[in-house]
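**Student:** 1 is the number of the first residue of the sequence shown in the working numbering; add one for each residue after it.
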Amino acid sequence: MSNEKAAKRKQQRAKNITYYRVIYGDCDSMAIVYYANYLKLFEIGRTEFLRELGITYRDVEGSGFFLPTTEAYLKYVKPALYDDLLTIETMIGFVKRASSRFDYAICRGKDIVVQGYTIHACLDRENRIVRFPDFLLNVLKGK
Numbered sequence: 001m002s003n004e005k006a007a008k009r010k011q012q013r014a015k016n017i018t019y020y021r022v023i024y025g026d027c028d029s030m031a032i033v034y035y036a037n038y039l040k041l042f043e044i045g046r047t048e049f050l051r052e053l054g055i056t057y058r059d060v061e062g063s064g065f066f067l068p069t070t071e072a073y074l075k076y077v078k079p080a081l082y083d084d085l086l087t088i089e090t091m092i093g094f095v096k097r098a099s100s101r102f103d104y105a106i107c108r109g110k111d112i113v114v115q116g117y118t119i120h121a122c123l124d125r126e127n128r129i130v131r132f133p134d135f136l137l138n139v140l141k142g143k
């Protein structure tokens with residue numbers, strides 16, 4: 001197997017696990033997590049995954065680059081409830097020259113609550129789409 005294929009497989013397997021306990025403020029009047037709050041959990045998972053890979057959003061932005069969300073998809077499978085302990089599983093779905101995708105599964109125990117993804121563009125300080133800088137590309141590709 002070539003080094004490139006091995007690196008791609010390693011990248012595909014890389015996963016971050018973050019735990020989150022549902023607070024009252026996350027819920028609607030039925031004590032069920034309000035649907036839009038799952039995007040906040042996606043962000044928590046993505047932020048912690050990048051931190052585990054050795055980089056923070058502060059590092060990226062301090063270097064003059066920004067990673068806005070350009071697309072988000074969520075599939076609700078089961079409701080999460082007040083005080084549930086959730087597991088946020090985050091993986092890199094793909095990395096292209098100027099965009100990347102993060103895949104998520106939010107689980108309660110072994111049950112999947114929500115699955116989804118977010119896609120992020122790479123922008124410079126003038127809000128122009130640009131290629132990922134090498135330092136960030138290497139982190140995202142697991143090099």
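Idealized CB from N, CA, C, for every residue including glycine.
(1) Closest by CA to residue 114, which one among 103, 122, 120, 121?
(2) Figure out for me which residue from 120, 135, 37, 142 has the closest Cα to the Cα of residue 62.
(3) Let's test the definition: count the other Cβ atoms within 10 Å of the Cβ of residue 127 and tell me whether it reaches 16, buried, or not, exposed.
(4) What are the boundary residues of the alpha helix (DSSP H) that residue 139 is part of?
(5) Residue 127 bridges to which residues according to DSSP?
(6) Report the rounded CA-to-CA distance for residue 133 versus residue 29, giving the unit in angstroms.
(7) Measure the C-alpha to C-alpha separation of residue 50 and residue 69 and round it to an integer number of angstroms.
(8) Measure the C-alpha to C-alpha separation of residue 26 and residue 36 and round it to an integer number of angstroms.
(9) Nearest-angstrom Cα distance between residue 93 and residue 105?
(10) Use the C-beta contact count for residue 83: other C-beta atoms within 10 angstroms, 16 or more gives buried, fewer gives exposed.
(11) Residues bridged to residue 101 by DSSP?
**Tutor:** Based on what the coordinates show:
(1) Taking only the C-alpha atoms, the option nearest residue 114 is 103.
(2) Comparing Cα-Cα distances from residue 62 to each of 120, 135, 37, 142, the minimum goes to 135.
(3) Result: exposed.
(4) It spans 134-140 - the alpha helix (DSSP H) in which residue 139 sits, taken as one unbroken run.
(5) For residue 127, which the question treats as bridged, DSSP gives no partner whatsoever.
(6) When rounded, the distance between both Cα atoms is 45 Å.
(7) It is roughly 15 Å from the alpha-carbon of residue 50 to the alpha-carbon of residue 69.
(8) Cα-Cα distance, rounded: 9 Å.
(9) The C-alpha of residue 93 lies about 12 Å from the C-alpha of residue 105.
(10) Exposed, since its Cβ has fewer than 16 Cβ neighbours within 10 Å.
(11) The partner list for residue 101 (beta bridge, DSSP) reads 94, 119.
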